[in-house]
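Chemist: Take any residue in the sequence shown, count from 1 to its spot, add 402: that is its number in the working numbering. For each residue, glycine too, the CB sits at the ideal point set by N, CA and C. Fair warning: this is a prediction, and the values are worked out from it, not measured in the lab.
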Amino acid sequence: MMKWVWGLVFVWCLVRATLLGLAWQGNADPVSQERVLRHFTAEDIERGRAYVKNGFGARFVYGYMQLAVLLLLWRSGWLKLLEARLEAALPGGFWIAGAALTLVVLVVARLSMLPLDYYLGYVCEQRMGFSEMTAAQWAWRYAKSCLVGWSFQTVGILVALGVLKWCGSWWPLLLPTATTAYGIVLTLLMPYLITPLFYEQKPLAEGPLRSRILEIAAKAEVPVDDIYEIDESRYSKHTNAYFTGLFGKRRIVLYDTLIKSHTVDEAALIFAHEAGHWRHDHVRIGLTLGFLGGLLGAAVLWWLYPLIAAEPAMRLGEIWRASNLPFFFAASMVLGLLAAPVEAQISQAFERQADLASLELTGLADVFIDAEKRLARDNRSDLLPHPWRVFWLYSHPPAIDRIAMGERFRNESPASASVTVK
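(1) Just checking my contact of Ala669 with Ala619 at CB under 8 Å: how many whole Å lie between their CB atoms?
(2) Check Thr646 in the structure and name its three-state DSSP category.
(3) Helix, strand or coil for Glu814? Go by DSSP, reduced to three states.
(4) Could you check what DSSP says for Pro493 in three-state terms: helix, strand or coil?
(5) For a test of the three-state rule: what should DSSP assign to Lys824, helix, strand or coil?
(6) Rounded to a whole number of angstroms, what is the C-alpha to C-alpha distance between Met535 and Glu814?
(7) Tell me the residue span of the beta strand (DSSP E) that contains Lys604.
(8) Would DSSP call Arg717 helix, strand or coil?
(9) Specify, as a first and last residue, the run of the beta strand (DSSP E) that Asp446 falls within.
(10) DSSP three-state call for Arg804: helix, strand or coil?
(11) Is the beta carbon of Trp790 less than 8 Å from the beta carbon of Ala746?
(12) When you compare only the Cα positions, how much space is there between Val685 and Glu617?
(13) With DSSP as the reference, label Leu671 as helix, strand or coil.
(14) Under 8 Å by Cβ, that's how I've got Asn456 and Met530 pegged, so tell me the actual separation to the nearest angstrom.
(15) Among Trp573, Gly585, Val438 and Arg543, which one has its Cα closest to the Cα of Leu689?
(16) To which residues of the same chain is Ser547 closer than 8 Å at the C-beta, ignoring the five residues directly before and after it?
(17) Could you tell me the distance, in whole angstroms, from the CA atom of Pro787 to the CA atom of Pro743?
(18) Rounded to whole angstroms, what is the Cα-Cα separation between Leu473 and Ala460?
(19) State the DSSP-derived secondary structure class of Glu608, mapped to helix, strand or coil.
(20) Starting from the Cα of Asn781, find the closest Cα among Leu758, Gln750, Arg652 and Glu448 and give me that residue.
(21) Hey, Val565 and Ala583 are a contact pair by Cβ (cut 8 Å); roughly how many whole angstroms apart?
(22) Output the distance between the C-alpha atoms of Leu611 and Val666, rounded to the nearest integer angstrom.
Listed below in structure tokens is the structure:
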């Protein structure tokens, strides 16, 4: 069994190195370059390539170091000894000792990456002109994100371990049910509990943009509680917009950087894309697919884990033991990358549907094209990514493919190319 484990780790290392090599190489196809140069300059392409290569060595090391830390925690046997001592010393049995050991794993795994997190998240972003923070501000935000992440992760992991411990033969069904339910709770809590810890939220001021967004929401039959603006500008120059919430509790969130750098029509179109996700029910479909994926994973775990744990060389205890977490985290990293193309293709299909919906809702084909160009320039997107990397990892189609969709829509509906929403 250990040979299979190390074999999968080797395959993961090889696949990751290949994908990173393709990121560095980019797409050298002359036809693709000519296609991009119809809409962008050579300087735009170079700026995107510079962002890809910024901190490349650190990003190359990052994943391998992360996996190495997890494998070391798993293979050392240190966590098993600590788990036994915690259970003997702490009251509360499974819950307190499990929470303490889970926190140890999460803290060690995260803080071991702190130097690289600082370099990639602060130094490299400063170098590229995106970061608006001082080193102290970055450290404070990083600390807050760690504390919030550890808190919610610990609760979620304890729920999962509790299901494994006490639900007997029903756990393969109840585990994905419990984790999906927990994810829904976090989604509902995010705008009220999590976002305010990092951003100042305020309702979008009355004006043309608010009116336009509400018109699009009504046309898309998407009920919204309100439209909010958050102060991303105090952290970075990146732009974005998103829906948050589920069921009847939905709100629209716009980065202030988006509002400042885009016209009303462009910002409204970017919102219309988000409305397109709701129009096509992508949230419900995503939750369903996530549950089915979790169900499949639980079934495989139910079948394989007794065989794996039976080998002394694997150094694993009962399936519900918190000391097994490094093994599970490492397995998730390895299998997640190998299965990434499935998730990437589903996500890209969703994004194409949302793009088309935004065009149908607004009719602003020319504005759509201009907005995609501006987003690509503002975020220094890689305009010539390698096709295999796009296939394997990209959650969104490349900018040039989205622009091509706008052109097709304009050609098929020339009379609506530059109309505004009524």
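Modeler: Taking the definition as stated:
(1) So it is not a contact: roughly 14 Å between Cβ atoms.
(2) DSSP, reduced to helix, strand and coil, places Thr646 within a strand of the structure shown.
(3) helix
(4) coil
(5) Residue placement at Lys824 cannot be trusted, given a pLDDT of 40 that sits under 50; what the coordinates show is reported in the next sentence. Correct three-state label for Lys824: coil.
(6) Roughly 45 Å between the two C-alpha positions.
(7) Gln603 to Pro605
(8) Residue state, collapsed to three classes: coil.
(9) No beta strand (DSSP E) contains Asp446, which is instead part of the alpha helix (DSSP H) from Ala444 to Lys455.
(10) helix
(11) no
(12) 22 Å
(13) helix
(14) At roughly 6 Å, the Cβ-Cβ gap stays under 8 Å, so Asn456 and Met530 are in contact.
(15) Gly585
(16) Phe600
(17) 16 Å
(18) 20 Å
(19) Glu608 falls in the coil class under three-state DSSP.
(20) Glu448
(21) Incorrect: roughly 11 Å between the Cβ atoms, too far for contact.
(22) 5 Å
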